[in-house]
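Under our numbering, the first residue of the sequence shown is numbered 2, with each subsequent residue one higher. The beta-carbon is built from N, C-alpha and C at its ideal position, and this holds for glycine as well.
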Amino acid sequence: MQQNLRIPGPTPIPPQVAEALARPMINHRGPEFAAIIERVTSRLKYFFQTEQRILTFPSAGTGGWEATVVNLFSPGDAILSVVMGVFGDRFAKVAQTFGLNVTRYDVPWGQAADPDELIRQLVALPSARAVFLTHNETSTGVMNPLQTLVSAIRKQRPDILIAVDAVSSLSCVDVQMDAWDIDVVLTGSQKGWMVPPGLAMIALSERAWAATETSTLPRYYWDFRSAYKYLVKGQTPYTPPVNIFFGLDVALEMMQAEGREAIFARHQAVADVARARARAIGLELFAAPAVASNTVTAIKVPEGIPAKAITKAMRENEAVVIAGGQEQLEGKIIRIGHLGYVHEQDIQDAMDALNRQLQELGFRAPITIMME
Ligand SMILES: Cc1ncc(COP(=O)(O)O)c(C=O)c1O
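Now the structure itself:
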């Protein structure tokens, strides 16, 4: 039976992309690859909503964090890191690892960052050179109000660097890099892009590019200047994941044909279905409706039923693969991914399966008494 892969990345792949991934190998320094990287880069600009440089690296999303840190900063630089879950925490830790002076704005997991509190923290840290933000915190199913946060930061500090982890949101949700004036936007191929893991994509503003000239941290693999020097020749400094480029080329063509706005609307619609169905089953959502993510839904595990029993029963009895909680949320939530190649029926099927398996595990929806 075909699995209904409903984790928040890696995500399912359309057959056309799977076919492209299996194409025969080509010379990564030849004209065919040059045409592909040029086409891919220009189509990525449509989804990043930017006219600025976009670089790719053979890596997981984590590489995007490290590349940002080593190219733009120097030891001792002050950074304000907004942390609202596992991924914000890791982004902050990468900065710490390289000797940056990180101040954390810790948001309770399950909530979004508060613009007023963020500005209060920024005012208290006049030496800050940058703010690090997670757009969509995959570990909690919370999506930050990115435009509001960025505009509040810009008002307070017009020239500060703003780096946004959009790993699990870009291409699924509106992110207007240029219009909102964001300096770094990074993402990973295995999330909303309908291709396998293996490629990090990073867009850089002029302000970010200027920072690469003054940063003193050592870099080789992640060197933005070297990546850009090769990109203008239609190459990468070292061997790229050629098959991922084959797949991404096809995926981006499909995505462009569907259209940005239609893709955003599809993600909104499937997220609405996931949330409505969870509530109808009698489950409680982890994130408040106003900040609930359109790419992953986190659901509180009902009392008395182990989270692992739910994920196991879903996988073994229904061929539906969902995620559990991470770190402090382990055992407390389950997560259903709905990003990339996803349609309403996939989510209806997953929620039907969840309902069946919860009944099998003894879950009975709490009786709510309607008051007239
Ligand atoms: C928001 C976010 N940032 C970063 C990452 C790290 O990506 P990777 O596991 O590809 O390194 C993830 C992975 O799930 C993520 O969801």
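Specify the secondary structure class of residue 338 as computed by DSSP and reduced to three states. strand
In three-state DSSP terms, what is residue 248? helix
Please tell me whether residue 171 and residue 149 are closer than 8 angstroms, where the distance is taken between their beta carbons. no
Out of 107, 5, 37 and 227, point me to the one whose CA is closest to residue 254's CA. 37
Inter-residue Cα distance where the pair is residue 373 and residue 158: For residue 373, the predicted model reports a pLDDT of 48, less than 50, meaning its position is unreliable and no value from the coordinates is stated.
When 90, 138 and 28 are compared against residue 10, the one with the closest alpha-carbon: 138
Looking only at DSSP bridge pairs, what is residue 321 linked to? 5
What three-state label does DSSP hand residue 1 in the structure shown? For residue 1 there is no data in the structure shown, the boundaries of the chain being 2 and 373.
Could you name the residues that DSSP lists as bridge partners for residue 1? Residue numbering for the chain in the displayed model covers 2 to 373; residue 1 lies beyond these limits and cannot be assessed.
Is it true that the CB of residue 340 sits closer than 8 angstroms to the CB of residue 298? no
Evaluate the contact criterion for the stretch 122-141 versus the stretch 72-82: three or more CB pairs, one atom per stretch, below 8 angstroms. yes
Determine the DSSP secondary structure at residue 256, reduced to helix, strand or coil. helix
Exposed or buried, what is residue 212 when buried is set at 16 or more other beta-carbons lying within 10 Å of its beta-carbon? buried
Classify residue 160 as buried or exposed, calling it buried when 16 or more other Cβ atoms lie within 10 Å of its own Cβ. exposed
Just to check, is the beta-carbon of residue 63 closer than 7 angstroms to a non-hydrogen atom of ligand 1? yes
Is the beta carbon of residue 53 less than 8 angstroms from the beta carbon of residue 228? no
Span of the alpha helix (DSSP H) holding residue 147? 147-157
Do residue 84 and residue 106 have their C-beta atoms within less than 8 angstroms of each other? yes
Do residue 332 and residue 326 have their CB atoms nearer than 8 angstroms? yes
Integer-rounded CB distance, given that residue 220 should sit under 8 angstroms from residue 321: Residue 321 to residue 220, Cβ: 42 angstroms. No contact.
Burial state of residue 192, where buried means 16 or more other Cβ atoms lie within 10 Å: buried
Report the CB separation of residue 345 from residue 274 in whole angstroms; it is logged as a contact under 8 angstroms. 6 angstroms
Please go through the same chain and pick out, in chain order, the residues whose beta-carbon is closer than 7 angstroms to the beta-carbon of residue 153, but skip the five residues on each side of it. 116, 119 and 120
What residue range is occupied by the uninterrupted beta strand (DSSP E) comprising residue 211? Not the beta strand (DSSP E): residue 211 falls in the alpha helix (DSSP H), residues 207-215.
Please list the terminal residues of the continuous beta strand (DSSP E) segment that includes residue 82. 79-84
Take every Cβ of the stretch 10-27, pair it with every Cβ of the stretch 223-237, and state whether three or more of those distances are shorter than 8 angstroms. no
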